[in-house]
Each structure stands twice: as C-alpha cells, then as structure tokens.
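**Q** Going by mature numbering (1 follows the signal peptide of the UniProt record, and there is no 0), the letters in the sequence shown line up with residues -18 to -1, 1 to 458, in that order.
By construction, the Cβ of each residue, glycine as well, lies at the ideal position given by its N, Cα and C atoms.
Given the structure is predicted, the values throughout are model-derived calculations rather than measurements.
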Amino acid sequence: MKKIKLLVCILLSLSLFAGCKKDEVAEQEKNNVFTPRILGGDIAALFPTSDSPQLLDVGTEIDFSPVQFSPSGKVNVVWKVNNVEVATGEKYKYKATTAGEQRIKVEATYNGTTVSRYKDVIVLGPSTGTFTPKTYTKVVMPYVSATSTILQIRNNIKWDKVTHVALKGATVNLAGELTFTDYTTSRRGEYLLQKAHAEGVPVLLGVSGTLSADGWNVYNSNDFGARLANATSRETIATSLANFVTNNKLDGVEVRMSDVGNDVEATFQANIQALGAFVDRLRALLGAQKIITVSVASPTLTRATGLYSTWVVSKYVPAHFNNANWINVRAYSQSGYWGGTNVIGQPSSYELMEAGVNYWKARVPVNKLVVGMSALGIRHLQTSTINGNLVNNGWTNTFFDFMPYRDIIAQDATASTKDNSTAIARGVYYNGIPTITRKVQLLKTENVLGAYLWAGENDTVDEATSLIGTISKTIQ
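Right, here's the structure in full:
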C-alpha cells in the first residue's frame, strides 16, 4: 500500500514539474523576442544579391522546398511575386508564366517579427518582333558596347528618353569569320531586344571588326575592311547578317566599319569604297522595312597647325549611303590627346564635333545625319612634364585608361558640371552636361536627324546627370 502511495506521489510530482516547464517556456517565448530565421539549402544560390538576377525562359520552375525556417513548424510563411501573395506555407515552387522582371519574396513571421529574403528573375519569352515603335521626330540612340552587362543595360539607360538602340553584337574577327558571340553571351542581345521592344524601341545589330574601348578602330586593323573589299566574303557576311537579323526579329543593322586607320592609304581607301556595295546588298536582302545605318569618321584636328585634316574622311563617297536610313558621324574621342608624348587635353571638344557636322552637312542631307557623343573619359594614371607639357610618357594602361562616365560621376560629385576632374587619379577628361548641352544645341540649330551616345551603358539615369536625358530634352 505504501509503495502505491509513493508511486502516485512521484507521478503527481512529475506532472506538476512538466506543467511548470511548459509554463516557463511559454513565459520565455512571451517575454523574449525570438527572431525567425530563413535557412537551409543553398541560400546564396536561391537568394543571391539584387545585382545578380537570374534569366529564365517562360515555363521554367524554381523549387524553393530546400528552404527551412526556424523555429520549425511555428513560423507563418508567405510567398509573394512582385508584392502579390501567391502562396503560404514552408514549401513553394515558382513557375515563370509571363515575360518580364519579377521579384520572388518569402516572408517569415514569428511572435510579431518578420524577416524576408528575395530573388530577382528576368523572364524571357519568345521574341516575336511585334511591337509598336514609339513616335519620334529626332533620333536619340544609345550605342551599347560588346562588354555591357544585362544589369548595365537595365539600370543605366533611360529607356523613356530613347528612340532607337544599337548593340555591338556581331564581329568580323582576325580570321575573317563573322561571329555573333557579342550578342549571345549571357543572352545579352536577347534581353536587350525584349527590353527595348517592351519600351517601343527598335534594335539595330552593330557589326564591326575589332574595336578599341572608345568604339573605333585598333591601329592598323583590317579585319572587317579586308572582307568587305573582297566580293565573295562581302556576300557571305551580308547574307549571314541578314539571316541573323531576320531570325532573331531584330530591326536592322548598324555597320561600324572602322578599319580606316591603316598606314597604307590604298588599304583603308579600298575598305571605305566597299561600303557602298555592302550597304546596297544589305538593303536588297533585308528589304525596305529594316533600318540600315553606317558609322563614319570625321575630320581630325592637327594640333601643330590648328587645322582639320580630311585625309581619311574625304575617301567616303556620299552616294554609297543612298540605301542607308542615316549615317552615324563619329565626332568624339580623337586620338593624340593621351599616351606617349602627346600633350594631354580634351579629346572630345565642341570644336571637333562642329568640324564633323560642317563637313558632312555639305555632302549628305542633314536629315540623314546622327552625330555621336561620348560617355567615356580618358583617365590619366601616370604623367610627366616634357618641355613644359603634361604627357603620359607611356602607352600601356598603367599610364591611362578609359573611364565610364557613370564612374566619374560616382567619384566626383561635381563632375557633371565640367569636362575635366582633377579629383580622380591625375585627371580625367570627358564631356559633362554643359558641353553635351552645347553640342546638342548645335545639332538642333543645324536640324540634323539626331544624336547617338557611345557607349550607352556608361551613362547614368539620374535626371540631373544623365547624358541621354540631356540629349533628349535639348534636341527636341
């Protein structure tokens, strides 16, 4: 009997102890803030930083089931896509159903505290080529380089100010082969096409030989020009370009044949002379509805005499552009202002552009002139003084390099108001808002068709500092 009473007492004590423990836990949870956690699986891959959006095709799924939550079973979990609730519970599988940019977000709430993680995706649908181009009176065109990233295309172009966009997406390499790697890498071209068409902007496929960082020829290069000068390879390139444009639903071709700096005059003259036959063949292959443009050189300043040389530009034959919608006049970033013993100075002056406009308006109708400006600066990293002049005294990128305008703005808060920042390295020359405004005012006075910016991804989207924004509002 005594044993039974003892057993009852023990069980009663254990019951009371357990009840006390539950009450203690409840009290602790009530009085202490426990932050819920989202963990488990490969969190870094499932929820990367916002500068790493994932490209998906319509129909692609992402399984978030490896994600775990703490405290397990007690967290209220909500899944959202573009801030719209799409599911609840710890398990979720996302499916891309429509093209566009989407943010997948998970929120975990416990005891009134909410934590969250998100993943940005860019969903690409099939390119149909069907879109409504925005109306325009003046061309405003960023020219996007082959080294641009998807984020730069998305974040650094003021799409509401743009009428056309060119992407340097095709290259004739040293072996004479036409490649489209610059278009297909990281699906850059596909993204740009869908982004631009969604904004009502036609896309031109830029084709060139090897280019320097400022978007023009490498000294003595002849990759593209030599192939255009040969009738057989010219036909091959024209046909391949036309097929690529048609198959990928692009809106035209921008011919950037910059092999015009060869020491042998007969070589670059033959390259230039071949442009006419190439443009004519492209027009025959693409038809009247596609856009064809051609980039051309401008007169260059001879600093010793103060006179502008037309040695190269005079080799162009204006009649060769009859089948082009317009020509893109490259009137910026003149060599001779950096490197070696060249006296450091402004390579993209107002006067240089003025000389280009004056030359070409006398030979081509102004309604076929789109004039270029630069979103690059020349940053001087090492300098010396020779005969009282500031020079780099070297040619490698340890002496100078090209600096995107957006980076100049990021490093010097007043950079947009001037053309030379001494706050960066040993100085950087570029074009700020006042000079861009003055240049565009000239274009407006001359009533040219428009302006382009190399390279478009180097711009900012801030209203106060954007070069494309300045071009757009000034040229109208």
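Count the other C-beta atoms from every protein chain shown that fall within 10 angstroms of the C-beta of VAL299, then say buried if there are 16 or more, exposed otherwise.
**A** Under this definition VAL299 is an exposed residue.
**Q** Assign VAL200 to one of three DSSP states: helix, strand, or coil.
**A** VAL200 falls in the coil class under three-state DSSP.
**Q** Got a sec? Which residues, its chain only, sit under 8 Å from VAL443 by beta carbon, not counting five neighbours each side?
**A** ASN137, ASN138, ILE139, LYS140, GLY451.
**Q** Measure the Cβ-Cβ separation of LYS120 and VAL183 and say whether it is below 8 Å.
**A** Cβ distance not < 8 Å, so LYS120 and VAL183 don't count as in contact.
**Q** Going by the DSSP bridge assignment, what does ILE368 pair with across the sheet?
**A** BP columns for ILE368 point to ASN371.
**Q** So if DSSP puts HIS179 in a beta bridge, which residue, or which two residues, is it bridged to?
**A** Bridge partners of HIS179: none, in fact.
**Q** Could you compute how far the alpha carbon of GLY243 sits from the alpha carbon of VAL63?
**A** Roughly 53 Å separates the two Cα atoms.
**Q** Compute the Euclidean distance between the alpha carbons of ILE457 and GLU89, then round it to the nearest angstrom.
**A** Their Cα atoms are separated by approximately 47 Å.
**Q** Which of helix, strand or coil does DSSP assign to LEU363?
**A** If DSSP states are grouped into helix, strand and coil, LEU363 belongs with coil.
**Q** Quick check: what's the CA-CA separation for GLY71 versus VAL57?
**A** If I take the Cα positions, the gap works out to 9 Å.
**Q** Tell me which residue opens and which closes the alpha helix (DSSP H) that LYS455 is part of.
**A** Element bounds for LYS455: 449 to 457.
**Q** Starting from the Cα of THR380, find the closest Cα among ASP394, ASP389, ARG361, GLY370 and give me that residue.
**A** The candidate whose alpha carbon is nearest that of THR380 is ARG361.
**Q** Is the beta carbon of ARG170 sitting closer than 8 Å to the one on SER109?
**A** The answer is no: Cβ separation not under 8 Å.
**Q** Does MET335 come out as helix, strand or coil in the three-state DSSP assignment?
**A** In the structure shown, MET335 sits in a helix (DSSP, three-state: H, G or I).
**Q** Taking just the CA atoms, how far does ALA157 sit from ILE453?
**A** Straight-line Cα distance between these residues: approximately 39 Å.
**Q** If you measure between the beta carbons of SER280 and VAL261, is that distance less than 8 Å?
**A** Not closer than 8 Å, so no.
**Q** With distances taken between CB atoms, is the gap from SER277 to ASN305 smaller than 8 Å?
**A** Taking 8 Å as the Cβ cut-off, SER277 and ASN305 do not qualify as a contacting pair.
**Q** If you drop the 5 nearest sequence neighbours on each side, which residues of the same chain put their C-beta closer than 6 Å to that of LEU268?
**A** Around LEU268: ALA224.
**Q** Taking all protein chains shown into account, decide if PHE16 is buried (16 or more other Cβ within 10 angstroms of its Cβ) or exposed.
**A** Its Cβ having fewer than 16 others within 10 Å, PHE16 is exposed.
**Q** Starting from ASP441 and walking both ways along the alpha helix (DSSP H), at which residues does that stretch end?
**A** Looking at the DSSP string, ASP441 is not in any alpha helix (DSSP H), and its letter there is neither H nor E.
**Q** Would GLN393 and ALA405 qualify as a contact pair, given that the criterion is a beta-carbon distance under 8 Å?
**A** Yes; because the gap between Cβ atoms is below 8 Å, this pair is in contact.
**Q** Take every Cβ of the stretch 280 to 289, pair it with every Cβ of the stretch 335 to 342, and state whether three or more of those distances are shorter than 8 Å.
**A** Short answer: they touch.
**Q** Quick check: the Cα distance between GLY22 and PRO48, rounded to an integer number of angstroms?
**A** Taking the straight line joining both Cα atoms gives about 6 Å.
**Q** Return the chain-ordered list of same chain residues with a C-beta closer than 6 Å to the C-beta of GLY438, the five sequence neighbours on each side being excluded.
**A** Cβ neighbours of GLY438 beyond the five flanking positions: PRO124, TYR125, VAL126, ILE139.
**Q** Apply the 10 Å Cβ neighbour rule to GLN134 and answer buried if 16 or more other Cβ atoms are within range, or exposed otherwise.
**A** With 16 or more other Cβ atoms within 10 Å, it is buried.
**Q** Report the three-state DSSP secondary structure of ILE104 (helix, strand or coil).
**A** Strand at ILE104.
**Q** Kindly indicate which residue of GLY376, PHE303, ALA395 has the alpha-carbon position closest to the one of LYS350.
**A** Per the Cα distances, PHE303.
**Q** Applying the 10 Å Cβ sphere with the 16-neighbour rule, what's the burial state of LEU358?
**A** Buried.
**Q** Report all residues from its chain with a CB closer than 8 Å to the CB of ARG263; omit the five preceding and five following residues, and keep chain order.
**A** Only ARG216, GLU217, ALA220 meet the Cβ criterion.
**Q** Can you tell me which of the three DSSP states SER168 falls into?
**A** DSSP places SER168 in helix when its eight states are reduced to three.
**Q** Report, in whole angstroms, the separation of the C-beta atoms of SER356 and SER330, which I expect to be a contact under 8 Å.
**A** That belief holds up - the Cβ atoms of SER356 and SER330 are roughly 5 Å apart, short of 8 Å.
**Q** Are three or more beta carbon pairs between the stretch 75 to 94 and the stretch 149 to 163 nearer than 8 Å?
**A** In short, these stretches do not touch, since the Cβ pair count stays below three.
**Q** Quick check on the burial criterion: 16 or more other C-beta atoms within 10 angstroms. Buried or exposed for LYS77?
**A** With fewer than 16 Cβ atoms within 10 Å of its Cβ, LYS77 is classed as exposed.
**Q** LYS73 by DSSP, collapsed to three states: which one?
**A** LYS73 falls in the coil class under three-state DSSP.
**Q** Find out if the Cβ-Cβ distance for the pair TYR165, ALA180 is shorter than 8 Å.
**A** Going by C-beta atoms, TYR165 is not nearer than 8 Å to ALA180.
**Q** Relative to the C-alpha of TRP198, which residue among ALA446, GLY55, TRP436 is closest?
**A** Out of ALA446, GLY55, TRP436, TRP436 has the C-alpha closest to the C-alpha of TRP198.
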